[in-house]
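Remarks on the structure that follows.
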Amino acid sequence: MTEALRLHGIDKHFGGIQALRQVSLSVAPGSLYGMIGPNGAGKTTLFNIITGFYQADAGHLQLFGQDVPLQQGPEQRVALGVARTFQNIRLFAQMSVLDNVLVGRHLHARTGLWSAILRTRAWRDDERRQRDVAQACLARVGLAARAQDTAAALSYGEQRRLEIARALATEPRILALDEPAAGMNEREREQLADLLLGLRREGLTLLLIEHDMCLIASLCDRVLALDFGEVVIEADPASVRAHPRVIAAYLGEEA
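Read in order, the letters of the sequence shown are residues 5 to 259 in my numbering.
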């Protein structure tokens with residue numbers, strides 16, 4: 005079976021600091037793959053390499069069996085089917101919920117600037133299609149009824165789900181979520197878990213950075229543990245949780 009994502013020997017330096025050292029991983033299509041580690045372990049750096057925000061200094065990256073140049077930027081990765089959310093919410097607060105999702109449709113527009121200026125029939129038809137897709141993305145995350153509200157009017161958990169809807173609007177094959185449950189209350193986490201499991205049932209491949217080990221264990225098929233930029237273990241959640249270095253990193257050496 006061709007992997008959705010394969011990394012081999014990924015290195016990344018920032019000046020004299022080696023943020024990632026020989027990181028390799030393999031993600032099966034349609035799976036939910038978790039990444040854990042203490043602050044500074046290299047998780048977000050790895051996400052940034054996968055999604056094109058950083059360029060690795062060495063290594064190889066494949067998406068669905070195809071070699072991908074490490075120097076590609078985020079727009080090229082989105083075009084290949086990789087979308088992401090960020091640790092900090094990045095919404096247009098005073099724009100409508102629907103318009104925030106429409107931002108994610110720009111690569112799928114079928115008409116150009118002059119068609120928009122002249123408001124041609126082709127532009128109107130395309131605008132209608134894009135809005136239908138955006139509305140469907142909102143329905144997938146449970147926000148269809150809030151489409152005309154401003155993003156600022158949403159609760160924290162709803163804003164997190166709006167970010168996921170915007171990422172879904174790019175029509176990804178891989179969705180990378182950087183600490184999506186951070187700051188959520190218990191009910192919001194339950195809603196998020198239900199959403200992610202639903203997206204996996206649809207066949208989407210999901211990458212998840214998360215500090216909540218219980219959430220990781222309940223959702224993920226496989227987990228990668230990083231510490232000081234190196235792979236500690238890549239295995240099923242139970243094996244990862246039982247690994248001595250994982251226990252030490254999360255609970256302290258004594259525990």
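Just so it is clear, CB atoms sit at the ideal spot from N, CA and C, and this is done for glycine as well. Treat the numbers as computed from the prediction; the structure is a model and nothing was measured.
Hey, how far is the Cα of residue i from the Cα of residue j?
{"i": "G13", "j": "L147", "result": "40 Å"}
{"i": "E79", "j": "F90", "result": "15 Å"}
{"i": "M188", "j": "G161", "result": "6 Å"}
{"i": "L111", "j": "H247", "result": "43 Å"}
{"i": "L24", "j": "V227", "result": "17 Å"}
{"i": "I213", "j": "R135", "result": "30 Å"}
{"i": "V105", "j": "T174", "result": "9 Å"}
{"i": "P73", "j": "L65", "result": "7 Å"}
{"i": "E238", "j": "L200", "result": "21 Å"}
{"i": "A197", "j": "A242", "result": "18 Å"}
{"i": "D240", "j": "C218", "result": "13 Å"}
{"i": "I53", "j": "R10", "result": "12 Å"}
{"i": "L167", "j": "R94", "result": "With the sequence shown as reference, residue 167 is identified as Glu, and Leu is not the correct amino acid for it. Cα to Cα, E167 sits roughly 8 Å from R94."}
{"i": "V236", "j": "A138", "result": "40 Å"}
{"i": "E234", "j": "Q75", "result": "22 Å"}
{"i": "V145", "j": "V244", "result": "30 Å"}
{"i": "E258", "j": "I21", "result": "Unreliable positioning characterises E258 in this predicted model, as indicated by a pLDDT of 46, which lies under 50. The coordinate reading is nonetheless provided below. Their backbone Cα atoms lie some 28 Å apart in a straight line."}
Could you give the residue range of the alpha helix (DSSP H) that holds residue i?
{"i": "G161", "result": "160-172"}
{"i": "D103", "result": "101-106"}
{"i": "I54", "result": "47-54"}
Would residue i pass as a contact of residue j if the rule is Cβ separation under 8 Å?
{"i": "D182", "j": "S100", "result": "no"}
{"i": "A185", "j": "R193", "result": "yes"}
{"i": "D15", "j": "G63", "result": "yes"}
{"i": "F51", "j": "A8", "result": "no"}
{"i": "L36", "j": "L210", "result": "yes"}
{"i": "R204", "j": "G85", "result": "no"}
{"i": "A60", "j": "D231", "result": "no"}
{"i": "A151", "j": "L142", "result": "yes"}
Starting from residue i, follow the beta strand (DSSP E) in both directions and report where the run begins and ends.
{"i": "F18", "result": "9-18"}
{"i": "E75", "result": "Glu is not the amino acid found at residue 75; the sequence shown has Gln there. Neither: Q75 is in no beta strand (DSSP E) and is coded neither H nor E."}
{"i": "I40", "result": "36-40"}
{"i": "D61", "result": "Element bounds for D61: n/a, residue is neither H nor E."}
{"i": "A151", "result": "Taken as a continuous stretch (DSSP letters only), A151 belongs to no beta strand (DSSP E), as it is neither H nor E."}
Any heavy atom of the ligand GDP inside 7 Å of the beta-carbon of residue i?
{"i": "I21", "result": "Ligands in the displayed structure: none, and consequently the ligand GDP is not present."}
Under 6 Å Cβ to Cβ from residue i, same chain only, skipping five residues before and after it: list those, please.
{"i": "Q26", "result": "G13"}
{"i": "G38", "result": "L212, I220, C224, V227"}
Going along the chain, which residues of its own chain have a beta-carbon closer than 8 Å to the beta-carbon of residue i, five neighbours each way excluded?
{"i": "A97", "result": "T154, A155, A156"}
Excluding the five sequence neighbours on either side, which residues of its own chain have a C-beta within less than 7 Å of the C-beta of residue i, listed in chain order?
{"i": "R170", "result": "N104, V105, V107, G108"}
{"i": "G77", "result": "G56"}
{"i": "V82", "result": "L111, T174"}
Please give the ranges of any alpha helix (DSSP H) in the segment 193-258, keeping only runs that are unbroken, at least 4 residues long and fully inside the region. For the segment 193-258, whole alpha helix (DSSP H) runs of length 4 or above, ordered along the chain, are 217-223, 241-245, 248-255.
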